[in-house]
Each structure stands twice: as C-alpha cells, then as structure tokens.
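Undergrad: Before I ask anything, let me first share the structure, which is written out below as structure tokens.
Residue numbers (the numbering used here), protein chains in the order written: chain C, 624 to 844; chain Y, 14 to 482.
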C-alpha cells in the first residue's frame, strides 16, 4: 500500500535526534550572518501585525470598556451618562412605604392618620403636621416628649415620639422629606411638600440634641 | 522496513535514546503505557456517551427513562471522559515523555508516575459514577463531583513530578519550544483547577461572579492546559520527522508568551450579553483578537507538517484545525456575531473543532510517533493507522460542519419570535442526524486506534516485529 518513497507508518524514522534538535534550534535563535545586508521580511511583518492588533485592542477597549466601571452593563454607555442614570423616586410613593415601615409612624399614628385618642395624637388635620415645616421637620428628626395639644385636645405625654434622624432609624434627608411630604398631603392634608434640602439645613443647624418639648418648639417660627 | 528483533542494549539505535524510555524495561515505560492505554479506554467510553447524547438531540425519547443516561448527565459524562480521561491522561503522559527525551537523561520519579496514573484513573472512574448518579457540579468542563477533586489534584501532581524532574534536571540549559509548552501545561493545571475548586465548590463566590469564574476556568482549561499539551507534542514531532529546524523559530517564544499572558483573559467572551459588567466581555473580545497572533506564529512554525508521512498528516490536520479554530473564535467573539451564535450548537461546533480537530489530532500524531519509541516496537498495523486517519478526518469535518450549520439555523430561529420551538427543532433535525453519523465514524476510528495499541503495546506479538532504528 505504501509507495517506496513514503516512510513506513508503522515506525517512521526520525531524521533529527533529540540532541541535534536542541542544538539546531538553539542556533536558530542566535544572531544570523547578514551576508546580503537585507532585512528579513517575516519579523518585520510580524511586528506590523502585532502593532495592528494592539492598536485595535486599545481602541476597542477604550470605546467599549465603560471605563471599567462595575455598574456599567451596556458596553456603549459610560458611567453616569445615560446607561447608568439614577432612577427618579416619587416622594409620595416612597413616603407611603416609609410611613408603613413596622415600628415607624404607622405603629402609633395608625394607617388612618388618626392616632389613638388620649395616647397618640392624630396627623390628619393636625396643625403641627400641616403647619410650619421648621417645626415638623424638627419633630421627626429629633423626636417629641411631654404633653402636647393637637386639634384642641390635650395629650398627656405618656408616650414619647422617638427620633428618626439619628440612632435607631437614622433616616436620610431624602427619607424624612419623603415621609413628611406624604403625611402633609394624605388624609385631606393639603400642605406644601418638604424637600431634602430643608431637612438638611435643619439637621446641620441643630446638630445633636434630645427630644423637643412643646414649649421649645413653639419658640421656633 | 527492516525486520530484526529488538535488542535491549546500548546499540539498538532509536529505541534507546538518552531518555531511556525506549528499551524494554527502561524507566517510565510501564506507567507511560498504562496512562496512554487508559486514555484510549476513556476515549472510547466518551465516544459511546457522545453517540448517545447526539442521538438524544434528534430523538429525545432515546434512553430518557433511564435517569443515569438522561441527556444532561450523558453530555457531562462525555465531556468529562473526553477532557479528563482522554486529553488529560494522554496529554500529560506525552508531555512527561517529551520532557524526558529532551532532558538527555532517563526519566526519574517513575514510581510517582505509576502511583499518580493509578489514582488519576481511579478518581476519574469514581467521578464518572458520581456524575451518573447526579453528583456533578454543573459547571462546564468542571463536572467532576466535589469529592474527587482532591484525588485528581494529588494524583496529577504525582504524574507531573517525573516531568518537572526531567525539566529541571535537563542536560542542556536552553530549552526548546516543546519544553516550554509541556512544562507550562504541567504547572498551569493545578493553578486553574484549585482556583476553580476554591471559588466554585469550597467557598463558592456569590451571584454573577460564579458565572465569571466558571467562564474563566472553562476557557483557561482549554487555552492554558489542553492547547499547550497538544502543542508540546506538535513542536517536538515536526522537526524530528522532517529533520529540519522549524521555520520562523525566533517568533516561537512570542507565540508562547502571547498564549500564556493573553489566553487566561479570553473566558469572558462566553458571557457576552450576560449580566456582567461590560468590561469583562470587552476585555475578552480584545484578548481573543490578540490571541490571533499566537495562532499565526504556530501556523508559521509548524507549516512543515504539511509534508508527506502518515504521522505528520495527523499533525498537519491538527495544526490546521487549531489555527482555524483560533480565527473562528476571534470572529465569533465580536459582539455583533456572538448575538446569533451564542447558546446554539455553533458553540459546540467551535468546541469540537478545538478539542477534536485541534488538540486530539495533535495528540494522535504525537501518540503515533511516541508509542513505538516507548514500547520499543513498531505499530502492529499500518492499515489501522491509515484507517484511523481517514475516519477521524471525515468524522471531525462532518461533526464540525453539521453542528455549525445546525447552530446557525438555531441562532436565526431563536432571534425570530414567530418561529415555534417545534419548527426550530425540525429545521435542525437533518444536521443533527449528520452529527450522530459523525460521532459513529469517530467512535469507529478511535476503536481502530485502541485495537492497534492493544496489539502493539499489550499483546506483544512475537519477535521479528520490532524495527531497529
């Protein structure tokens, strides 16, 4: 089957021994005699090919890497430019969720905003809730203690309102603004919305303190 | 062909090369033949699983009542037996042998080689049973159950000792390309496998990071382990059989370092369009393109393989597939192409082109060169060898073309919401039938190799079969 010129496939004789192979290839790496003073084309072409590949790689990487930002999932977007834009939150929706958080507002003031007669004051139609932003923000940030008069009824102050701005809940300016906006526009209340900037200003100017009393708040305009 | 009985002595020429793995009873002969023989058993086993899995793609009812042989498990069994059983057993054995030959001294650490070979095969057998009963990890190319991972790592280390000793104890300082690739492959597998073991099994990372690690491992196992194993053989056999220095050999080291540095970054291309930060896929697209440089260098260096000779024909086919596969990878990594080829059988076509057409064919060629020199006896049949080449070449071509065509049809149909799933399956049916035929042809070809090996290295026909030098 095999022609005489073909080596026998059952055992093809090696034409180069192990040691000859090592020596020959070591020599191939050494300096070559430059007899005809000519450039060798292959290394030059390979250099150009490699440079071309690196150019492509760098360009592509620059354009589609999303600046290596871990939040960019679309290769054509840049961080915080279109693809990674922050979603806008509706304060009324966020406020309702915060109001209903277990242990927060709803626990005492109830989902109806009517509170519990004689113990927890109402929010619906409350002159405190719909009145000056300066006072209501202070109440939510730092809490309220002692007797308080709401809708013409005196509450003895057996239960204190905790602070939502600091330890425990530690709500951000955005969260406090959202929950206050909700309270001031629900159950027939029609007061202006509260902005995070207003909350921020009061938080900065008051600093740290304990719960307010009614008399202290009344000095705030 | 000269016929003379082999004499185990210093004058018997080719058999007794300095590595000492030639003459009967020389160090390393038994363990090496055991490793290669067991690799061929796993090759045939994986061929049977491949046939079952392929039939199930067009005849879903086939063996579906048997939980052990449902498609999900058979696919993993086939992949594991092929990658760890065939490529991962024959590859390191040949790498150790090549490092031994080029070291200029007889192999050392051969009892470790034997112990490692025994435990590697035992671990693999246990692992395949584990996969069949549903203990697999479910990660691509990493399907072995968690409890055999330590056995695989330890036994691999035992096998590699002989290679590392031959490499560090070599007589000549400067190394040849085959030594770079063989030594790199021996060292890179434990790193890949143990890193994947820690990050996916022992202390699993959470969320999408798992997909990133799995993609890195699957691609790394191929680029940094299987490809170097196969290239070590090709770089060794081609100059020895042609008798000439490799052309453009001065670029070989660039090709090697390109593979080692860039190859590990290409895994993210399997995650294109997935829920991972964009830069991971982008980096993979870029590095897959840069890897083209490696393929060009390999093609330039190994082009003399196109010369005559039955053994070199395997290598030439392997180099061709390897380089073609590299270019196809670079094209399909582009995002616009990936959207229609990903998650289709086109992915499988690429994998078969790389693992069967590339790595396997290169290992076949190295095997046909090495076995007579390890066993000290010529192959018992030239016709089986030629038949194996014809069947393997036909089978691989048919398999890759049919899976590729089925994948393109699938990709087109998947992108069109008006095409029903049943219609999609009907469109692919013909190509999947061809793929099953291709798997049968490949299995037959591998059986020819196994029979030839059995007659040559195990059954030991009478004297007079040996060829001295």
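We put the beta carbon where it would ideally sit given N, CA and C, even for glycine.
Remember, predicted model here, so these are calculated numbers, not experimental data.
Does any C-beta atom of chain C lie closer than 7 Å to the C-beta of residue 256(Y)?
TA: True, the Cβ-Cβ gap to chain C drops below 7 Å.
Undergrad: Can you find at least 3 beta carbon pairs, one from the segment 240–256 of chain Y and one from the segment 310–324 of chain Y, that sit closer than 8 Å?
TA: yes
Undergrad: Starting from the C-beta of residue 335(Y), find all residues in its chain whose C-beta is less than 6 Å away, skip the five residues before and the five after it, and write them out in chain order.
TA: 371
Undergrad: Whose C-beta lies closer than 6 Å to the C-beta of residue 342(Y) among residues of the same chain, with five residues either side of it excluded?
TA: Same-chain partners within the cutoff: 301.
Undergrad: Starting from residue 261(Y), find everything on chain C with Cβ-Cβ shorter than 7 Å and list it in chain order.
TA: 665
Undergrad: Distance cutoff 7 Å, beta carbons only. Does residue 385(Y) sit that close to anything in chain C?
TA: yes
Undergrad: When you compare only the Cα positions, how much space is there between residue 16(Y) and residue 51(Y)?
TA: Unreliable positioning characterises residue 16(Y) in this predicted model, as indicated by a pLDDT of 38, which lies under 50. The coordinate reading is nonetheless provided below. If I take the Cα positions, the gap works out to 29 Å.
Undergrad: Could you list the residues in the segment 627–641 of chain C with a C-beta less than 8 Å from some C-beta on chain Y, going in chain order?
TA: 628, 629, 630, 631, 632, 633, 634, 635, 636, 637, 638, 639, 640, 641
Undergrad: Would residue 806(C) and residue 746(C) qualify as a contact pair, given that the criterion is a beta-carbon distance under 7 Å?
TA: yes
Undergrad: Tell me, please, whether the CB atom of residue 678(C) is closer than 7 Å to any CB atom in chain Y?
TA: no
Undergrad: Roughly how many whole angstroms lie between the Cα atoms of residue 470(Y) and residue 315(Y)?
TA: 29 Å
Undergrad: Taking 7 Å as the CB-CB limit, is residue 721(C) close to chain Y?
TA: no
Undergrad: How would you write the range of the beta strand (DSSP E) that residue 776(C) sits in, first residue to last?
TA: Per DSSP, residue 776(C) belongs to the beta strand (DSSP E) from 776–778.
Undergrad: For residue 835(C), which residues does DSSP report across the bridge?
TA: Bridge partners of residue 835(C): 767(C).
Undergrad: Please tell me whether residue 769(C) has its Cβ less than 7 Å away from any Cβ of chain Y.
TA: Chain Y, which has no Cβ nearer than 7 Å to the Cβ of residue 769(C), makes this no.
Undergrad: Check for me: the alpha helix (DSSP H) holding residue 819(C) runs from which residue to which?
TA: 819–829
Undergrad: Would you say residue 698(C) lies against chain Y (beta-carbon separation less than 7 Å)?
TA: Among the CB atoms of chain Y, one or more fall inside 7 Å of the CB of residue 698(C).
Undergrad: Is the CB of residue 670(C) under 7 Å away from at least one CB in chain Y?
TA: no
Undergrad: Would you say residue 649(C) reaches chain Y, if we count a Cβ-Cβ gap shorter than 7 Å as a contact?
TA: Yes, residue 649(C) counts as interfacial toward chain Y.
Undergrad: So, is the C-beta of residue 295(Y) closer than 7 Å to a C-beta in chain C?
TA: yes
Undergrad: Closest Cβ-Cβ distance between residue 675(C) and chain Y: below 7 Å?
TA: Residue-level contact check: residue 675(C) does not touch chain Y, since none of the beta carbons of chain Y fall below 7 Å from its beta carbon.
Undergrad: Below 8 Å, how does it come out for the segment 393–413 of chain Y and the segment 353–370 of chain Y: are there three or more Cβ pairs, yes or no?
TA: yes
Undergrad: At 4 residues or longer, what runs of the alpha helix (DSSP H) sit wholly inside the segment 345–373 of chain Y?
TA: 348–354, 358–365
Undergrad: For residue 130(Y) and residue 279(Y), what's the separation of their Cα atoms in angstroms?
TA: 31 Å
Undergrad: Give me whichever residues DSSP pairs with residue 845(C) in a beta bridge.
TA: This structure does not reach residue 845(C), given that chain C is present from 624 up to 844, and the question cannot be answered.
Undergrad: Within 10 Å of its beta-carbon, does residue 248(Y) have 16 or more other beta-carbons around it, so buried, or fewer, so exposed?
TA: buried
Undergrad: Residues in the same chain with beta-carbon distance under 8 Å from residue 296(Y), minus the five sequence neighbours each way, listed in chain order, please.
TA: 278, 281
Undergrad: Per DSSP, which one or two residues make a beta bridge with residue 772(C)?
TA: 777(C)
Undergrad: Let's see if you can read the secondary structure: which residues bound the alpha helix (DSSP H) around residue 719(C)?
TA: 714–722
Undergrad: If you compare alpha carbons, which of 802(C), 630(C), 754(C), 811(C) is closest to residue 846(C)?
TA: Here chain C covers residues 624 to 844 and nothing more, so residue 846(C) does not appear.
Undergrad: DSSP on residue 580(C), reduced to helix/strand/coil?
TA: The requested residue 580(C) is not part of the displayed model; chain C covers only 624 to 844.
Undergrad: Can you give me the Cβ contacts of residue 132(Y) inside the same chain, cut-off strictly under 8 Å, excluding the 5 residues immediately before and after it?
TA: Around residue 132(Y): 164, 167, 168, 171.
Undergrad: Kindly indicate if chain Y contains any beta-carbon less than 7 Å away from that of residue 701(C).
TA: no
Undergrad: Answer yes or no: does any C-beta atom of chain Y fall closer than 7 Å to that of residue 741(C)?
TA: no
Undergrad: Just curious, the alpha helix (DSSP H) that residue 53(Y) is in, first and last residue?
TA: It spans 42–71 - the alpha helix (DSSP H) in which residue 53(Y) sits, taken as one unbroken run.
Undergrad: Taking C-alpha atoms, which residue in 399(Y), 124(Y), 98(Y), 444(Y) lies nearest to residue 136(Y)?
TA: 98(Y)
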